[in-house]
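Counting in this note's numbering, the sequence shown runs from 83 upward without gaps. Note that CB positions come from ideal geometry on N, CA and C, so glycine has one too. Below is one structure, written out as structure tokens, with a few remarks after it.
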Amino acid sequence: MATSLFKMPFDVNRLKVQRIYASQELEHCSAETMSCEKIRSIYGDLKFLELHEYRPCTYTSLVTSLDGKIAFTDAPQGPLIAKLNKYDPAGADTDWFILNMLRAVSDGVMLGAGTMNAESDYTCHVFDQDMEDMRIEAGKNPVPWNIITSLDATDIPFDHVLFNTPEVPVMISTSVQGAELVKQNIKNDYIVITAPAKEDVTDEMVAQMKAAGTHKVIVIATGDKAPDSKAALYLLKRFGIDRLLVETPSYMHYLVSQKMMDELFFNYSCIYVGGQALSIGKFGKEFGSKDHPHTRMLSIHSHSDHFFYFRHKLLYD
């Protein structure tokens, strides 16, 4: 059954992109991926290379300036890097469509507590009715799991709209210490699954999560004072999260450092920012000259001479 969540029109003719490069590796995609006419008409084929046994397939979607900035210093809202491209405003809307497309084919979406504090109405649902219908026809929840990631839960706004929208299924991934704070502050029905390390995950835990379904907030507690991402992602995989969209740049950068990020959908708005404006991973540890990941370009799409859409596969030594 379709949700009552806010939807918006995505005009195919206005947003359609042209694929100008495709790697031969895409010919060997083995993972079945949902699709619908809206996706095929605007973006084309979207297939993933493979799924993993012990964690979800992970990917992110970000828009950057031509020099890699993700926000202006004087106006830090992320979408403005796309929206203030005055030569191609429709290209900015295509960036928004691609994010929704990736939400639509995902089992879960990871978001940061910082985003919730910055945007009081932020929910990771699918804003296109055709793509929501695609999920329903495939037997999926109409809305992918919204998974809040937080180091210790001190930054989670428990009055946020996410906790007050029953149609949006919510999880929290935090540390064991953070889970105690969640218990003290959460107002929703919830369950806590505590697995300090990957080896602690049991069939009973997974069964408890499935029994709770979408009716309770599922709190995943791993690590001690900081979450253990290997344990958290393994538990998500066992629960049924095969594809995970990571919408928080800081956590995406962390997963790259742990060699657990698979693909980067980097949309490229042809504007220049420069200076000390926010860049990806600015608050994390940078890679050095002797140890850094590489990527293989999987595809390049173009909306105009002013907006491009890159899909990278990360390569780790």
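Length of the line joining the Cα atoms of residue i and residue j
{"i": "Asn-167", "j": "Val-145", "result": "11 Å"}
{"i": "Phe-209", "j": "Val-250", "result": "13 Å"}
{"i": "Val-264", "j": "Ala-235", "result": "6 Å"}
{"i": "Lys-312", "j": "Thr-85", "result": "33 Å"}
{"i": "Thr-176", "j": "Ala-359", "result": "24 Å"}
{"i": "Met-116", "j": "Asp-93", "result": "20 Å"}
{"i": "His-110", "j": "Ile-382", "result": "17 Å"}
{"i": "Arg-320", "j": "Asp-127", "result": "28 Å"}
{"i": "Arg-185", "j": "Asp-373", "result": "32 Å"}
{"i": "Phe-365", "j": "Gly-357", "result": "16 Å"}
{"i": "Gly-221", "j": "Met-83", "result": "11 Å"}
{"i": "Lys-283", "j": "Ile-302", "result": "The amino acid occupying residue 283 in the given sequence is Val; Lys does not appear at that position. So the two alpha carbons sit approximately 11 Å from each other."}
{"i": "Gly-295", "j": "Asp-387", "result": "46 Å"}
{"i": "Thr-276", "j": "Pro-309", "result": "11 Å"}
{"i": "His-376", "j": "Lys-307", "result": "31 Å"}
{"i": "Ile-229", "j": "His-207", "result": "12 Å"}
{"i": "Leu-193", "j": "Glu-329", "result": "5 Å"}
{"i": "Val-225", "j": "His-297", "result": "13 Å"}
{"i": "Ala-293", "j": "Tyr-272", "result": "12 Å"}
{"i": "Met-183", "j": "Leu-233", "result": "28 Å"}
{"i": "Trp-227", "j": "Gln-259", "result": "23 Å"}
{"i": "Tyr-398", "j": "Ile-102", "result": "26 Å"}
{"i": "Cys-118", "j": "Lys-98", "result": "14 Å"}
CB-CB length for residue i against residue j, believed under 8 Å
{"i": "Val-338", "j": "Ser-147", "result": "Contact flag wrong, Cβ pair sits at about 20 Å."}
{"i": "Lys-151", "j": "Ser-384", "result": "That pair is no contact at about 21 Å."}
{"i": "Ala-113", "j": "Phe-88", "result": "Contact flag wrong, Cβ pair sits at about 30 Å."}
{"i": "Ser-202", "j": "Thr-231", "result": "The pair is not a contact, with the Cβ atoms about 18 Å apart (cut-off 8 Å)."}
{"i": "Met-287", "j": "Ile-300", "result": "Not a contact, Cβ separation roughly 10 Å."}
{"i": "Leu-346", "j": "Leu-396", "result": "7 Å"}
{"i": "Ala-153", "j": "Ala-164", "result": "With 8 Å as the limit, Ala-153 and Ala-164 do not qualify as a contact, their Cβ atoms being about 11 Å apart."}
{"i": "Ala-261", "j": "Val-274", "result": "5 Å"}
{"i": "Ser-371", "j": "Gly-305", "result": "Not a contact, Cβ separation roughly 30 Å."}
{"i": "Asn-199", "j": "Pro-248", "result": "The pair is not a contact, with the Cβ atoms about 22 Å apart (cut-off 8 Å)."}
CA nearest to the CA of residue i, picked from the options
{"i": "Arg-96", "options": "Ser-86, Met-116, Tyr-125, Ile-102", "result": "Tyr-125"}
{"i": "Tyr-204", "options": "Asp-215, Glu-214, Val-191", "result": "Val-191"}
{"i": "Gln-41", "options": "Met-90, Phe-365, Phe-347, Lys-372", "result": "Nothing can be reported for residue 41, as the shown portion of the chain is limited to 83 through 399."}
{"i": "Ala-195", "options": "Phe-348, Ile-273, Val-243, Thr-247", "result": "Val-243"}
{"i": "Pro-158", "options": "Ser-381, Thr-284, Thr-197", "result": "Thr-197"}
{"i": "Glu-107", "options": "Asp-387, His-388, Tyr-398, Arg-378", "result": "Arg-378"}
{"i": "Leu-181", "options": "Met-83, Leu-396, Tyr-391", "result": "Tyr-391"}
{"i": "Leu-318", "options": "Tyr-333, Thr-140, Leu-233", "result": "Thr-140"}
{"i": "Pro-171", "options": "Val-99, Asn-270, Phe-389", "result": "Phe-389"}
{"i": "Leu-133", "options": "Arg-185, Asp-282, Asp-344", "result": "Asp-344"}
{"i": "Ser-246", "options": "Ala-277, Pro-226, Ile-268", "result": "In the sequence as presented, Ser is not what sits at residue 246; that position holds Asn. It is Ile-268 whose Cα lies nearest to the Cα of Asn-246."}
{"i": "Gly-363", "options": "Leu-380, Pro-331, His-374", "result": "Pro-331"}
{"i": "His-394", "options": "Ile-121, Asp-177, Ala-104", "result": "Ala-104"}
{"i": "Met-241", "options": "Asn-270, Tyr-336, Ile-218, Val-225", "result": "Contrary to the premise, residue 241 reads as Asp rather than Met in this sequence. Residue Asn-270 is the option with its Cα nearest to Asp-241."}
{"i": "Trp-178", "options": "Tyr-333, Asp-399, Thr-142", "result": "Thr-142"}
{"i": "Glu-281", "options": "Ile-218, Ser-257, Ile-229, Tyr-136", "result": "Tyr-136"}
{"i": "Ile-121", "options": "Glu-214, His-207, Leu-193, Glu-329", "result": "Glu-214"}
{"i": "Ser-349", "options": "Cys-118, Asp-149, Ser-123, Glu-119", "result": "The question names Ser, but residue 349 is Asn in the sequence shown. Here the closest residue by C-alpha is Asp-149."}
{"i": "Phe-369", "options": "Ser-351, Gln-340, Leu-380", "result": "Gln-340"}
{"i": "Ile-353", "options": "Leu-162, Gln-259, Arg-101", "result": "Leu-162"}
{"i": "Gln-100", "options": "Cys-118, His-335, Ser-123", "result": "Ser-123"}
{"i": "Ser-351", "options": "Tyr-169, Ile-218, Ile-102, Lys-98", "result": "Tyr-169"}
Inset, instruction - May I have a chain-ordered list of the beta strand (DSSP E) segments no shorter than 3 residues that lie completely inside the segment 176 to 223? - result: 190 to 194
Inset, instruction - Identify every run of the beta strand (DSSP E) within the segment 310 to 374, keeping only runs that are complete inside it and at least 3 residues long; order them along the chain. - result: 325 to 328, 345 to 351
Legend entry - Stretch-stretch touch, CB-based, cutoff 8 Å, three pairs: the segment 322 to 334 with the segment 172 to 189: yes
Legend entry - 3 or more residues per run - each beta strand (DSSP E) lying fully within the segment 252 to 282: 252 to 257, 272 to 276
Inset, instruction - Please list the segments of the alpha helix (DSSP H) lying wholly inside the segment 103 to 174, counting only runs of 4 or more residues, in order along the chain. - result: Along the segment 103 to 174, the alpha helix (DSSP H) occurs as fully enclosed runs of 4 or more residues at 119 to 124, 162 to 165, listed in sequence order.
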